[in-house]
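Here is the structure we will look at, set down as C-alpha cells.
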Amino acid sequence: MYIAKELCRKMALLGTFDPEMLKMPLGFIKILQLPFALIAFTTMDGWGFLLEYKCDEKVIQKAIIDRFALSSIMLPMCNGTKTNLWEHSFGGTALFYGLISLLSLIFIGLMLFVYLFNLELYATDNRLPHADCITTCILGICWVLVAISWWSATSKVLEDTTNENIVKLLNEKHFCGENSCVSGSYSHSSTLTISVLAAWGCAILFFSNIWFAYKETDWFKNRQPFPEPQMTI
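In full-length UniProt numbering, the protein residues as written are 1 to 233.
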C-alpha cells in the first residue's frame, strides 16, 4: 500500500500524461528528431579498425585505430620506437559533432517531457516557448555547421585510411626499416556514412522545427499585422 501511494505521489509530481501534442507538428517533429540524434551520437563512436603491417615474415605489428585525432596516434615501428603515421587531425570536428548530438538528445528529452506531462504549463508560461524556440534556432544552426564540417572531415578520414594511403605512409616514414611494408588494413565507410546522413537529417529537422516553435511564442501571436496599402486616386 505504501509503495502504491508513493508511486501515485510521484506520478502526480510529473503531471498529467497527455499525448495530444504528439499529434501536432511541434511534438511530432520531436519524435522524428529523437532517432536521428541517437543514431548520430552512436554511429560516431562505432568507427575504428585494426591496423596491421608486416615487418618481416615472422613479426606483424598491430594497432587499433579508434579515434579521429589521427595525428596523435603513436604507432610502433619495426625498430621498437613509436611515431605518428598521419599528419591530419579531426578530433575537434568529432568533439563538436558528439557535443551537439548529446545536447540535442538532452533537449529533445526535456521538451518531450514538457509536451507530454506539462503541456498546460507550456501554454501558460511564455518562458518555455521562448526557450524552446531559441534553443531550436541555436541547434538548427549548429547542426548545419556540424553536417558540413563532419561531411568534409569523414571524407578526409576515409581518404587518409585507405589501404593504398596507409602503405604509402608506412613506406615513406620507414616503419618497416629497409623492407617494404605490406598491409591489408583499411577503415570501413558504412558507419561514417550513416553518421553523415544522420547529421543532415538532424539539420533538416531542427531547421524545420524553428517555424513550429516560433508559432507557439507570443512573438508570433502578438505580432502586428502589416497595414493594408491605401488606394490613391
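Each residue gets a CB set at the ideal place from its N, CA and C atoms; glycine is no exception.
So which of the options has the shortest CA-CA distance to residue i?
{"i": "S185", "options": "W219, D160 and C137", "result": "D160"}
{"i": "I204", "options": "F36, N79 and Y214", "result": "F36"}
{"i": "Q33", "options": "L110, T124, Q61 and E57", "result": "L110"}
{"i": "F49", "options": "G177, S190 and W200", "result": "S190"}
{"i": "W47", "options": "N171, R67, L139 and I148", "result": "R67"}
{"i": "A69", "options": "G27, N222 and T154", "result": "T154"}
{"i": "G92", "options": "V182, S149 and L192", "result": "S149"}
{"i": "A198", "options": "C133, S104, T162 and N126", "result": "S104"}
{"i": "W86", "options": "T42, C142 and N165", "result": "N165"}
{"i": "A131", "options": "I31, D218, N179 and I60", "result": "D218"}
{"i": "S208", "options": "C133, A94, N84 and D18", "result": "C133"}
{"i": "V146", "options": "K168, L169, I100 and D125", "result": "I100"}
One question on the structure: do residue i and residue j come within less than 8 Å of each other, judged by their Cβ atoms?
{"i": "F107", "j": "T135", "result": "yes"}
{"i": "K156", "j": "H88", "result": "yes"}
{"i": "F117", "j": "T16", "result": "yes"}
{"i": "G98", "j": "F206", "result": "no"}
{"i": "L158", "j": "L192", "result": "yes"}
{"i": "S195", "j": "M24", "result": "no"}
List the endpoints of the continuous alpha helix (DSSP H) containing residue i.
{"i": "T191", "result": "S190 to K215"}
{"i": "M44", "result": "P25 to M44"}
{"i": "K62", "result": "Here K62 belongs to no alpha helix (DSSP H); instead the beta strand (DSSP E) covers I60 to I65."}
{"i": "M19", "result": "The sequence as given places Pro at residue 19; Met does not occur at that position. Careful: P19 lies outside any alpha helix (DSSP H) and carries neither H nor E."}
{"i": "E57", "result": "Note, E57: premise wrong, no alpha helix (DSSP H); not H, not E."}
{"i": "N165", "result": "N163 to E172"}
If I measure Cβ to Cβ from residue i and keep anything under 7 Å in the same chain, skipping five residues before and after, which residues do I get?
{"i": "C137", "result": "I210"}
{"i": "L128", "result": "V114, L121 and Y122"}
{"i": "residue 237", "result": "For residue 237 there is no data in the structure shown, the boundaries of the chain being 1 and 233."}
{"i": "K82", "result": "M74, L75 and P76"}
{"i": "N171", "result": "S180 and C181"}
Residue range of the beta strand (DSSP E) that residue i falls in?
{"i": "residue 234", "result": "Residue 234 is absent from the model: the chain starts at 1 and stops at 233."}
{"i": "N179", "result": "No beta strand (DSSP E) holds N179; DSSP gives it neither H nor E."}
{"i": "E82", "result": "Note that residue 82 is Lys in the sequence shown here, rather than Glu. Segment K82 to N84, the beta strand (DSSP E) holding K82."}
Near residue i, which residues of its chain fall below 6 Å by C-beta distance, leaving aside the five closest residues on each side in sequence?
{"i": "C176", "result": "C55 and C78"}
{"i": "M21", "result": "G27, Y115 and L119"}
{"i": "G201", "result": "F36"}
{"i": "N222", "result": "none"}
Ignoring anything shorter than 3 residues, give me the beta strand (DSSP E) runs that lie fully in the segment 64-152, in order along the chain.
Here the runs fully enclosed are 74-76 and 82-84.
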